[in-house]
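S.K.:
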Amino acid sequence: MHALTEKQLRAAFVNASQRERTVMTLPTAWADLDWDDLDYLGWRDAKLAGVGYVVVELDGQAVGIQLRRGESKPRTRAQCSWCEDVTLPNDVVFYAARRAGKSGRNGNTVGTLVCEGFECQVNARRTPPPAYLGYDVEAARQRRIETMRLNVANFVRDVRDSD
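Under UniProt numbering, the sequence shown has 82 at position 82, and the numbering climbs by one with no breaks.
(1) Could you name the residues that DSSP lists as bridge partners for Ile-65?
(2) Taking the CB atoms as reference points, tell me whether Gln-66 and Ala-16 lie closer together than 7 angstroms.
(3) Mark Tyr-53 as exposed unless 16 or more other C-beta atoms lie within 10 angstroms of its C-beta, in which case mark it buried.
(4) In chain order, what residues of the same chain have a beta carbon less than 6 angstroms from the beta carbon of Arg-98, not counting five sequence neighbours either side?
(5) What residue range is occupied by the uninterrupted alpha helix (DSSP H) comprising Phe-118?
(6) Are the beta-carbon atoms belonging to Arg-21 and Phe-13 less than 7 angstroms from one another?
(7) In chain order, what residues of the same chain have a beta carbon less than 6 angstroms from the beta carbon of Ala-78, not counting five sequence neighbours either side?
(8) May I ask you to report which of helix, strand or coil DSSP gives Thr-127?
(9) Count the other CB atoms, across all protein chains shown, that sit within 10 Å of the CB of Gly-134; report buried if there are 16 or more and exposed otherwise.
(10) Should Ser-162 go down as buried or exposed, given a rule of 16 or more other Cβ atoms within 10 Å for buried?
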């Protein structure tokens, strides 16, 4: 990802009102972010319970979406839709995002199951166990990273391109 200023970050959100952008709490380590190592920027708002944010680069531009966490957790151990990890060290919860534009103003939303603290980047980079003798572990890890990037980008596109 390209580095963003605070102003650019707030302006990137396609499904948040001006007021929501203004009251948004930035990530705790904002000044220390290593933008080159990020597939996407995801964080939970420290002041607003149940609110999260994701910013991803689409077609050379930063696009951000605001998400709201569901009230209840899944009954069984869920799989994250983004990193698709089956051995997660963290919880997976339901997040819903209001669609951008007129569709969102009419109350339309889209939801997904995601790692609670947006840990997908770390999970996708873990070395998978070898499935068989001669299994290319590094190639499998790279496929997981690319799949995670694609899944996040597709979700953000779905929110952005709703009209």
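Heads up, the beta-carbon is just placed ideally off N, CA and C, and yes, glycines get one too.
All values reported here derive from a predicted model rather than from experimental measurement.
M.R.: On the basis of the supplied data:
(1) Val-54
(2) yes
(3) By the Cβ neighbour-count rule, Tyr-53 is buried, with 16 or more other Cβ atoms within 10 Å of its own.
(4) Beyond the five residues adjoining it in sequence on each side, Arg-98 comes within less than 6 angstroms, by CB distance, of Asn-15, Gly-104 and Thr-109 in the same chain, given in chain order.
(5) In the DSSP assignment, Phe-118 falls outside any alpha helix (DSSP H), carrying neither H nor E.
(6) In contact: Arg-21 and Phe-13 (Cβ atoms closer than 7 angstroms).
(7) Val-92 and Leu-113
(8) Of the three classes helix, strand and coil, the one that applies to Thr-127 here is coil, per DSSP.
(9) exposed
(10) buried
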